[in-house]
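A.B. asks: Number 46 in the working numbering belongs to position 46 of the sequence shown; there are no gaps in the numbering.
First the structure, then my questions, so here it is.
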Amino acid sequence: MKEINAVDFEKEVLNGGKVVVDFYSTECPPCEALAPKFDAMAELYGQKIKFLKIYRQGNRELATELSVSSSPTLLFFENGKQVIDSISGGIKKSEIIERLDTMLTTEEVTAIKANQKPIVSEYDVAILGGGPAGLTAGIYLGQAKIKTVLIDPALPGGYMGITHQVSNYPGFEQPQPGYMLAHYMSEQAKHTGIDFKVAVDITSVDLLKKEIVIDQLETIKAKKIIIATGTTPNTMNAPGEKEYKGKGISYCATCDAKYFVDKEVTVIGGGNSAVEEALFITKFASKVTMIHQFDKLTANQTAIEQLQANDKITVMYEHEPRGFEKRGNTMITTLEDLKTKEVKELESDGVFVFIGFKSNVSVLGKTLPDMNIWGYILTDEDMKTSIPDVYAIGDIISKKYRQITTAVADGTIAAITISKEL
Ligand SMILES: Cc1cc2nc3c(=O)[nH]c(=O)nc-3n(C[C@H](O)[C@H](O)[C@H](O)COP(=O)(O)OP(=O)(O)OC[C@H]3O[C@@H](n4cnc5c(N)ncnc54)[C@H](O)[C@@H]3O)c2cc1C
1 MKEINAVDFE KEVLNGGKVV VDFYSTECPP CEALAPKFDA MAELYGQKIK
51 FLKIYRQGNR ELATELSVSS SPTLLFFENG KQVIDSISGG IKKSEIIERL
101 DTMLTTEEVT AIKANQKPIV SEYDVAILGG GPAGLTAGIY LGQAKIKTVL
151 IDPALPGGYM GITHQVSNYP GFEQPQPGYM LAHYMSEQAK HTGIDFKVAV
201 DITSVDLLKK EIVIDQLETI KAKKIIIATG TTPNTMNAPG EKEYKGKGIS
251 YCATCDAKYF VDKEVTVIGG GNSAVEEALF ITKFASKVTM IHQFDKLTAN
301 QTAIEQLQAN DKITVMYEHE PRGFEKRGNT MITTLEDLKT KEVKELESDG
351 VFVFIGFKSN VSVLGKTLPD MNIWGYILTD EDMKTSIPDV YAIGDIISKK
401 YRQITTAVAD GTIAAITISK EL
């Protein structure tokens, strides 16, 4: 994979031909998740399209010129002009393929697809999800010499990997960067010999047949499946939110806060995540305005006290966002004062959204296990679901406390149960 910088940009990108450019950053889990997919695409499409990488932090001026404000961002060029909308954030392989195919003729696409061959692999256990729950199950199953594969559309680590500091995971005297915990856990799991299929597209899941298809071509058959797919941040569905996602609106402070040095930031939310992430953002930003729908924050007392002691943060209580737009480089958040019904505008350089989560069950196929009314999977004390040989662990299950320690505990229980059964 060729890496270029701003000086080479004209020669390599603007001087004609078909080119796709990946603007990436360091310490950016979505960038790491994209890298293997980008490499695979380069191998497949490399005869027809040039694949290049540019380090965003080292080429900030060029990135700003091209309106790249989130990492990673893929830009598509033909004869020096951008031909397709850029994509950024947690980019799926299918989204890249869809765009690359439009840059080629039907004959060229058919020839490329003909080079891909279907694959079938068989395992005792397939773990869907490589957060702390899935990784722990992997460690126990690997150590029990059970043939296991761990599948994740992103890199292993789950939320742990994007939490800037974890201070409550036992065994560490000092708070640990979440990505280090994710690194330790995934390396430990890899050392047990289990297979990792990460940064893949999950094409389909059939929990009854125990078959998972990834990247459209590879079928994984297993005797047992463990669901550890966690949760996804809620979106507000406010006008402009989708449009400016990755272009002024972010859901990951670890990934994007560093681009707001001495800038003003709006944070939507008032729970633990919102308060913790707002505190983290103040390491970079000059001012953080939090928008919260209730008249008091719902975070834990320690986090609230830290927030109150931080003079960079102000909270607008009983306000809700009604829409987002961009004027020049300024993000405009339209707010409603829930008490007075007054509508006002708040200007900032960027918006971060932390307003809770929903369970990732929609990706699990047509037949789902029994769930509670909020869509969290019901399990027994061995982590078994209502579908035979299907287990669920971590944040996706119906439970009171969602933490790394509780996810790790669930993974342990499912794996030990399975080890005794196989
Ligand atoms: C901002 C923030 C800060 C936090 N801070 C702390 C803290 O300090 N201490 C603490 O103990 N807890 C903290 N938590 C909670 C903790 O991170 C979670 O409880 C824990 O990560 C849950 O682990 P999990 O493995 O169940 O799910 P996740 O960590 O959510 O991992 C789920 C994995 O499944 C993958 N996945 C999604 N869909 C699919 C699919 N279809 N197929 C396969 N894989 C899929 C995802 O890519 C992800 O890797 C924090 C959470 C957040 C959001």
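We put the beta carbon where it would ideally sit given N, CA and C, even for glycine.
Tyr45 to Glu108, Cα distance in whole Å?
C.D. replies: Approximately 9 Å, taken between the alpha carbons.
A.B. asks: Give me whichever residues DSSP pairs with Met331 in a beta bridge.
C.D. replies: BP columns for Met331 point to Lys326, Ser348.
A.B. asks: Using 8 Å as the Cβ pair cut-off and three pairs as the minimum, do the region 380-389 and the region 216-230 touch?
C.D. replies: Touching, yes, given that three or more Cβ pairs across the two stretches are closer than 8 Å.
A.B. asks: Can you tell me which of the three DSSP states Val361 falls into?
C.D. replies: coil
A.B. asks: State yes or no: is the C-beta of Ser273 nearer than 7 Å to some heavy atom of ligand 1?
C.D. replies: yes
A.B. asks: Just verifying my parser: in three-state terms, what is the DSSP assignment at Val75?
C.D. replies: The amino acid at residue 75 is misidentified as Val; the sequence shows Leu. The answer is strand: DSSP assigns Leu75 an E or B state.
A.B. asks: How is His153 classed by DSSP in three states: helix, strand or coil?
C.D. replies: First, the amino acid is wrong: residue 153 is Pro here, not His. The answer is coil: DSSP assigns Pro153 none of H, G, I, E or B.
A.B. asks: Check the C-beta distance from Phe280 over to Gly350 and give it rounded, since I have them as a contact under 8 Å.
C.D. replies: About 14 Å separates the two Cβ atoms, so there is no contact after all.
A.B. asks: Where Leu338 and Lys242 are concerned, what is the direct C-alpha to C-alpha distance, given to the nearest angstrom?
C.D. replies: 23 Å
A.B. asks: For Lys117, which residues in the same chain have their Cβ closer than 8 Å to its Cβ, ignoring the five residues on either side in sequence?
C.D. replies: Leu217
A.B. asks: Can you name, in chain order, every residue of its own chain whose Cβ lies under 7 Å from the Cβ of Leu416, other than the five neighbours on each side?
C.D. replies: Before going further, note that residue 416 is Ile rather than Leu in the sequence given. Cβ neighbours of Ile416 beyond the five flanking positions: Tyr140.
A.B. asks: Using DSSP with H/G/I as helix, E/B as strand and the rest coil, what is Pro233?
C.D. replies: strand
A.B. asks: Should Thr73 be listed as close to ligand 1, given that the test is whether its C-beta is under 7 Å from any heavy atom?
C.D. replies: no
A.B. asks: With DSSP collapsed to three states, give me the class of Ser121.
C.D. replies: strand
A.B. asks: Go ahead and label Leu128 buried or exposed: buried means 16 or more other beta carbons lie within 10 angstroms of its beta carbon, across all protein chains shown.
C.D. replies: buried
A.B. asks: Between Gly411, Glu320, Glu3, Asn300, which lies nearest to Glu381 when the distance is taken from Cα to Cα?
C.D. replies: Gly411
A.B. asks: If I measure Cβ to Cβ from Val83 and keep anything under 7 Å in the same chain, skipping five residues before and after, which residues do I get?
C.D. replies: Phe76, Phe77, Met103
A.B. asks: Determine the direct distance from the alpha carbon of Asp124 to that of Ile146, and round the result to whole angstroms.
C.D. replies: 7 Å
A.B. asks: Spatial neighbours of Asp215 within its chain, please: C-beta separation below 8 Å, excluding the five flanking residues on both sides.
C.D. replies: Once the five neighbours on either side are set aside, the close Cβ partners of Asp215 are Lys93, Val200, Asp201, Thr203.
A.B. asks: Which one or two residues does DSSP pair with Gln176 in a beta bridge?
C.D. replies: Val166
A.B. asks: To the nearest whole angstrom, what separates the beta carbons of Val265 and Phe352, a pair I think is in contact under 8 Å?
C.D. replies: 6 Å
A.B. asks: Just to confirm before moving on: does the CB-CB distance between Lys358 and Gly375 stay below 8 Å?
C.D. replies: yes
A.B. asks: Do you know how far the Cα of Leu100 is from the Cα of Thr298?
C.D. replies: 45 Å
A.B. asks: Name the two residues that bound the continuous beta strand (DSSP E) containing Gly301.
C.D. replies: In the sequence as displayed, the identity of residue 301 is Gln instead of Gly. Counting along the chain, Gln301 falls outside any beta strand (DSSP E), though it belongs to the alpha helix (DSSP H) covering 301-308.
A.B. asks: Round the Cβ separation of Tyr159 and Gly131 to the nearest angstrom and send it over; I've been treating them as touching at under 8 Å.
C.D. replies: About 6 Å separates the two Cβ atoms, so the contact holds.
A.B. asks: Using a threshold of 8 Å, state whether the C-beta atoms of Ala144 and Ile220 are closer than that.
C.D. replies: With respect to Ile220, Ala144 sits apart: the two C-beta atoms are not nearer than 8 Å.
A.B. asks: Taking DSSP's pairing of strands, which residues face His319 in a bridge?
C.D. replies: Paired residue(s): Asp337.
A.B. asks: Quick check on Ala47: does DSSP put it in helix, strand or coil?
C.D. replies: The question names Ala, yet the displayed sequence has Gln at residue 47. Annotated three-state conformation of Gln47 is coil, per DSSP.
A.B. asks: Assuming Ala199 is part of the beta strand (DSSP E), what are its boundary residues?
C.D. replies: Counting along the chain, Ala199 falls outside any beta strand (DSSP E), and DSSP gives it neither H nor E.
A.B. asks: Would DSSP call Met1 helix, strand or coil?
C.D. replies: When DSSP states are grouped into helix, strand and coil, Met1 belongs to the coil group.
A.B. asks: Does DSSP classify Ala238 as helix, strand or coil?
C.D. replies: Of the three classes helix, strand and coil, the one that applies to Ala238 here is coil, per DSSP.
A.B. asks: How should Met1 be labelled, buried or exposed, when 16 other C-beta atoms within 10 angstroms of its C-beta is the threshold for buried?
C.D. replies: exposed
A.B. asks: Would the beta-carbon of Leu307 be found less than 7 Å away from any heavy atom of ligand 1?
C.D. replies: With a threshold of 7 Å, the Cβ atom of Leu307 does not count as near ligand 1, since no heavy atom of the ligand is closer than that.
A.B. asks: Evaluate Asp295 with the Cβ neighbour count: other Cβ atoms within 10 Å of its Cβ, from every protein chain shown; 16 or more gives buried, anything less gives exposed.
C.D. replies: Flag for Asp295 reads exposed.
A.B. asks: Between the alpha carbons of Ile304 and Ser419, how many angstroms are there, rounded?
C.D. replies: Going by the C-alpha atoms only, they are around 43 Å apart.
A.B. asks: What residues match up with Ser88 in a beta bridge as DSSP calls it?
C.D. replies: Note: Ser88 sits in a beta bridge opposite Thr73.
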